[in-house]
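> So that we are looking at the same thing, I have put the structure below in structure tokens.
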Amino acid sequence: MTETATLDSKVPEGPMAEKWDNHKFKIKLVNPANKRKFRILVVGTGLAGSSAAATLAELGYDVEAFTFHDTPRRAHSIAAQGGINAAKNYQNDGDSVHRLFYDTVKGGDYRSREANVHRLAQVSVDIIDQMAAQGVPFAREYGGLLDNRSFGGAQVSRTFYARGQTGQQLLLGAYQQMMRQVGLGKVKLHTRMDMQELVMKDGEAVGIVCRNLVTGEISSHSGHAVVLATGGYGNVFYLSTNAMSCNVTAAWRAHRKGAFFANPSYTQIHPTCIPAADEFQSKLTLMSESLRNDGRIWVPRDPDEKRIAADIPEAERYYFLEEKYPAFGNLVPRDVASRNAKTVVDQGLGVGPLKNGVYLDFAESISRDGLDKVWERYSNLFEMYERITGEDPRETPMRIYPATHYTMGGLWVDYNLMTTIPGLYAAGEANFSDHGANRLGASALMQGLADGYFVLPYTIGDSLAPKLGTAPVSLDDEVFIEAETEVRDRISKFLSIKGTKSPDYFHRELGKLVWNYIGMERDQNGLEKAISEIRALQEEFWTDLRVLGGTDTINSSLEKAGRVADFFELGELMARDALNRAESCGGHFRSESQTPEGEALRNDEDFAHVSAWQWIDENTPQVEHREQLDFVEVPLTQRSYK
Amino acid sequence: MSANTLSLTLQIWRQEGPNTTGAFETHNVSGIPDDASFLEMLDVLNENLIEAGKIPIEFPHDCREGICGTCGVMINGRAHGQEKGTAVCQLHMRKFNDGDTIAIEPWRATAFPVIKDLVVDRSALDHIVASGGFVSAPTGTAADANDTPIPKEVADSAMDAAACIGCGACVAACPNSAGQLFTSAKLWHLNSLPQGQPERFRRTEAMVDTMESFFGSCTNHGECSEACPKEISLDFIAYMNRDYVKSKVFNRKLASQK
Ligand SMILES: Cc1cc2nc3c(=O)[nH]c(=O)nc-3n(C[C@H](O)[C@H](O)[C@H](O)COP(=O)(O)OP(=O)(O)OC[C@H]3O[C@@H](n4cnc5c(N)ncnc54)[C@H](O)[C@@H]3O)c2cc1C
Ligand code: FES
Chain A
80 MTETATLDSK VPEGPMAEKW DNHKFKIKLV NPANKRKFRI LVVGTGLAGS
130 SAAATLAELG YDVEAFTFHD TPRRAHSIAA QGGINAAKNY QNDGDSVHRL
180 FYDTVKGGDY RSREANVHRL AQVSVDIIDQ MAAQGVPFAR EYGGLLDNRS
230 FGGAQVSRTF YARGQTGQQL LLGAYQQMMR QVGLGKVKLH TRMDMQELVM
280 KDGEAVGIVC RNLVTGEISS HSGHAVVLAT GGYGNVFYLS TNAMSCNVTA
330 AWRAHRKGAF FANPSYTQIH PTCIPAADEF QSKLTLMSES LRNDGRIWVP
380 RDPDEKRIAA DIPEAERYYF LEEKYPAFGN LVPRDVASRN AKTVVDQGLG
430 VGPLKNGVYL DFAESISRDG LDKVWERYSN LFEMYERITG EDPRETPMRI
480 YPATHYTMGG LWVDYNLMTT IPGLYAAGEA NFSDHGANRL GASALMQGLA
530 DGYFVLPYTI GDSLAPKLGT APVSLDDEVF IEAETEVRDR ISKFLSIKGT
580 KSPDYFHREL GKLVWNYIGM ERDQNGLEKA ISEIRALQEE FWTDLRVLGG
630 TDTINSSLEK AGRVADFFEL GELMARDALN RAESCGGHFR SESQTPEGEA
680 LRNDEDFAHV SAWQWIDENT PQVEHREQLD FVEVPLTQRS YK
Chain B
848 MSANTLSLTL QIWRQEGPNT TGAFETHNVS GIPDDASFLE MLDVLNENLI
898 EAGKIPIEFP HDCREGICGT CGVMINGRAH GQEKGTAVCQ LHMRKFNDGD
948 TIAIEPWRAT AFPVIKDLVV DRSALDHIVA SGGFVSAPTG TAADANDTPI
998 PKEVADSAMD AAACIGCGAC VAACPNSAGQ LFTSAKLWHL NSLPQGQPER
1048 FRRTEAMVDT MESFFGSCTN HGECSEACPK EISLDFIAYM NRDYVKSKVF
1098 NRKLASQK
């Protein structure tokens, strides 16, 4: 069922390049002396959450920050390797705000909101200044200026990096900035606190309910606004490059309370991950795609090839990306690279003991640039690879295969980053973001920090200003009592099933369904199957789950059960969203909709919109709402990387 | 890659909570592929336990990529196990032999109380950072990043220190449970960069004093750096000590000018 109710994106009027400045001028401001009268709850302290909490506190707001991690420094953002984009044009290679904007809209396969993307490109330059000022040790050239690399499909060098640990260094920068505010008493930090419910009163977000993961205590927290910066939901696939604890619960609880969930089926499969080694594999490790700058991707032409890589002559190697896409070669966007790897593996050309990978070969760049140079660029990745596989990429090519990596879908937000629930904001990977149907490399860090540092701290004032003089809702209010009861009931339910199978079992089985049917390639038949099979498994979950241990202590199984329960509902919505979208775009590839060359074929006539889903109740499927997307600055073209 | 499997005897520390006494428990696992990671081996054990109706073992982990610093246990008495420069999530079973007995314990340090089984509380490290481990540069105030060139060698050396993942292995490995390696790495990261100069001596004094309120004293054993999964250098401790002495003089001079 599709509703026509219009979603107000609140995109400001005026020329694209002036929208953000005009908007900042027009939105309501909170006077500096009044800011301390507003309490803002920031859930999540990754890049988006830490930068938002720090900045809001600097501005004078009363901030409380929540994370289920033992310290904010461990958020999943820490794992980002490759880099962060910014339209600095330091390399004088023709980059500009407009080019970054253009590349991002095009890279997202025309499924993002132009005005948001333009703002992202605009503030990208400030992020680098801000992070350098925080002491982030970005890579430098000998002259002392910042170094850049070109990354994942970009034809300019606009990616800033800190060795292979860019996410770590950026997160530490934002974390330290926030810890300064913690030390000053301006941010109240709650660690090991898991948000379990969003609390609403009169249609507005007024607080949250958390479970203390150490003591099991259930507590309520009240504020004038709630910001969810709780990351992405890639772990619905079970195997992904995400940290083990990444989950959708915070966003999903908000969804069930009325926040529309946008484009859930837009997930990104990253081409360069280490293939699974055995059935006990618990997660997949990403090998930064910066490796594609120097590594060549190939498979043997003969499916029965038995020789080691080095013994296979050039003529018998199939450099499938270079052959099919001479202009971009190994640097085609992620979705294109991933799908092509899947194709050759499906043809039986895969390498490795399980024949589930393709080679990423550094032999040529080592002989061209010298081992030292290549080692300097990638030593930590090479070492990581060797630690995991026992093989040295200097001697034998890496084996790689696509894995789930990022989720473009998320809570629908307007230009102010506010969800469809007044007072509830979403930032970073948790919102449906600026990446459309496909995210370009090095753009997630940029978006998380843009949201947290430069967008949300301004836009949030618009909904706060009218609330001046009101106190946060009392914790004795029945809305908090009810929400706490809901949380307790849910927890008791998990413990009372007393079935035979662990939460991990169900997660693994769910992951297989999601990967097989809603993975790199989707079709109607598979998606319909996904819906019915996910439901069947979900029923088994609610009747045969086994969670042992108590509620008043750390209990990872219990935490996991709650997360898996939400993944089931999300998985089904992903399938429905993918089914509804009978076109291919970016990371969403419907095999029914492809060009003669096997590329994603968009249908702009019918699908140039955001699908935002509204929760009804347990027994009624979500209702779809549409936000029409207009492409004024970046004319619609079929993406071609030939 | 190989397809060998291992059978192992595990002696694992179990402890219900911070105020209860713990003890070793013995468990056997078999059929562990040697391509599995150490934590995947523990996953298998936990699945077996759940199947047998026993409460699974709590152990810290998250990224499983050696970068978040969440994981960390003593393996046969060594922080993160015997492999140099490797966090336990990156330790693979091919480094063990079939039939091995492996002892697994939580970090042992007064500043890191055990919360449950192998999980400890490391929030003391956050207190050190909150006391001065930052540059005070509020959002929106920064000048263009290239206005401050930084010699590559300086940036690289800051990065060497900034690579610390905050796992606490240094503290766990130290006979005195000292926090010097962690603190000095953060100090060198910030104190060596131009952006860190204005607060250099304030930062140093504050962080060292906070460190001393939680952790033991350093007597130059060097076990910390040996155990560090990121191989953070002991040199940073020397730099910290030098800056600390300077900071005492410098900060007193400032105080007397007030
Ligand atoms: C291996 C890897 C490499 C990557 N490399 C790059 C790269 O090179 N460049 C790039 O641009 N992007 C990269 N990305 C993507 C990027 O890292 C992420 O999209 C981004 O860091 C997400 O940041 P975030 O702040 O939105 O969320 P996160 O960093 O995931 O933070 C989420 C926060 O929310 C908290 N949280 C979640 N749920 C709850 C709850 N219920 N209660 C309390 N707290 C909660 C968590 O504790 C955490 O603090 C990479 C991703 C991966 C997996
Ligand atoms: S789990 Fe993140 S460092 Fe080991």
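In order, the protein sequence lines correspond to chains A and B.
If you're matching positions, the first sequence starts at 80 in the numbering used here and goes up one per residue.
If you're matching positions, the second sequence starts at 848 in the numbering used here and goes up one per residue.
Yeah, the Cβ is synthetic: ideal placement off N, Cα and C, and Gly gets one too.
Kindly say whether I949/B, judged by its beta-carbon, lies nearer than 7 Å to any beta-carbon of chain A.
It does not: the Cβ of I949/B has no partner Cβ on chain A nearer than 7 Å.
> 7 Å is my cut-off, CB to CB: does K362/A come that close to chain B?
So, interface residue.
> Would you check whether ligand 2 has a heavy atom nearer than 6 Å to the C-beta of H908/B?
Checking the Cβ of H908/B against ligand 2 gives yes.
> Distance check for L1081/B and K931/B, CA to CA, integer angstroms please.
Computed Cα separation, rounded: 15 Å.
> So for C918/B, helix, strand or coil by DSSP?
Correct three-state label for C918/B: coil.
> Which one of Q937/B, L1040/B, R861/B and R1047/B has the shortest CA to CA distance from A1005/B?
The candidate whose alpha carbon is nearest that of A1005/B is L1040/B.
> Kindly indicate which three-state DSSP category L649/A falls into: helix, strand or coil?
L649/A: helix per DSSP, three-state reduction.
> So does L528/A have its beta carbon nearer than 6 Å to some heavy atom of ligand 1?
Incorrect: L528/A has no Cβ contact closer than 6 Å to ligand 1.
> So is Y312/A buried or exposed if we call it buried at 16+ other beta carbons inside 10 Å?
So Y312/A counts as buried.
> Check each candidate in N495/A, S324/A, C352/A and M525/A and name the one with the smallest Cα separation from K105/A.
For K105/A, the nearest C-alpha among the options comes from N495/A.
> When the cut-off is 7 Å and only beta carbons count, does G578/A lie next to chain B?
Not closer than 7 Å to any Cβ of chain B, the Cβ of G578/A fails to qualify, so no.
> Return yes when the C-beta of E508/A is under 6 Å from any heavy atom of ligand 1, and no when it is not.
Under cutoff, so the answer is yes.
> With distances taken Cα to Cα, identify the nearest neighbour of T483/A among I163/A, P354/A and E651/A.
With distances taken between Cα atoms, T483/A lies closest to P354/A.
> Taking Cβ-Cβ distances shorter than 8 Å, what residues in chain B pair up with D208/A?
In chain order: A989, A990, D991 and A992.
> Confirm, please, whether the CB-CB distance from K942/B to E905/B is below 7 Å.
Not a contact, by the Cβ cut-off of 7 Å.
> Where does I904/B fall in DSSP's three states?
If DSSP states are grouped into helix, strand and coil, I904/B belongs with coil.
> Do you know offhand how far L292/A's Cα is from L637/A's?
If you take the alpha carbons of L292/A and L637/A, they lie about 10 Å apart.
> Where does the unbroken alpha helix (DSSP H) through L250/A begin, and where does it stop?
Here the alpha helix (DSSP H) through L250/A covers T245 to G262.
> For R115/A, decide whether its Cβ has a neighbour in chain B, counting only Cβ atoms nearer than 7 Å.
Answer no: the Cβ-Cβ gap between R115/A and chain B never drops below 7 Å.
> Using 8 Å for Cβ pairs, my map puts N342/A next to V689/A. What's the rounded Cβ distance?
Right, the Cβ-Cβ distance comes to about 6 Å (below 8 Å), so this counts as a contact.
> Within 10 angstroms of its Cβ, does Q701/A collect 16 or more other Cβ (buried), or is it exposed?
When all chains shown are included, Q701/A counts as buried.
> Just the C-alpha distance for P392/A and P379/A, rounded to the nearest angstrom, thanks.
Near 9 Å, if we compare the C-alpha coordinates of P379/A and P392/A.
> How many Å lie between R456/A and R219/A at the Cα?
Cα-Cα distance, rounded: 12 Å.
> By Cβ distance below 6 Å, which residues in the same chain neighbour L658/A in space, the five residues on each side in sequence not counted?
If we look at L658/A and ignore the five residues flanking it on each side, its Cβ neighbours are L606.
> Any idea if P1042/B is buried or exposed, counting beta-carbon neighbours within 10 angstroms, 16 or more meaning buried?
As written in the sequence, residue 1042/B is Gln, which differs from the Pro given in the question. Buried: at least 16 other Cβ atoms inside 10 Å.
> Could you give the first and the last residue of the continuous alpha helix (DSSP H) run that contains A194/A?
It spans E193 to A212 - the alpha helix (DSSP H) in which A194/A sits, taken as one unbroken run.
> Kindly give me the distance between the Cβ atoms of I1079/B and A1010/B, rounded to whole angstroms, as I take these residues to be in contact under 8 Å.
Between A1010/B and I1079/B the Cβ distance is about 7 Å, and since that is below 8 Å, they are a contact.
> Output needed in chain order: residues of the segment 634-666 of chain A with a Cβ under 9 Å from some Cβ in chain B.
Under the 9 Å Cβ criterion, the segment 634-666 of chain A contributes N634, S635 and S636.
> Between C1065/B and ligand 3, is the CB less than 6 Å from at least one heavy atom?
The ligand content of the structure shown is limited to ligand 1 and ligand 2, which means ligand 3 is not among them.
> By the 9 Å beta-carbon criterion, what residues does the segment 917-940 of chain B contribute toward chain A?
Residues passing the 9 Å Cβ filter: T917, E930, G932, T933, Q937, L938 and H939.
> Buried or exposed: I387/A, going by 16 or more other Cβ atoms within 10 Å of its Cβ?
So I387/A counts as exposed.
> Using a Cβ-Cβ cutoff of less than 6 Å, which residues in the same chain neighbour S444/A once the five nearest sequence positions on both sides are dropped?
Hits under 6 Å: D373 and V453.
> Which chain A residues sit within Cβ distance under 9 Å of P880/B?
A356, D357, E358 and F359, listed in chain order.
> Assuming V534/A and V202/A form a contact by the criterion Cβ under 8 Å, report the distance between their Cβ atoms to the nearest whole angstrom.
At roughly 7 Å, the Cβ-Cβ gap stays under 8 Å, so V534/A and V202/A are in contact.
> For P343/A, does the three-state DSSP call read helix, strand or coil?
In this structure, P343/A counts as coil in the three-state DSSP scheme.
> Spatial neighbours of R705/A within its chain, please: C-beta separation below 6 Å, excluding the five flanking residues on both sides.
Only H688 meet the Cβ criterion.
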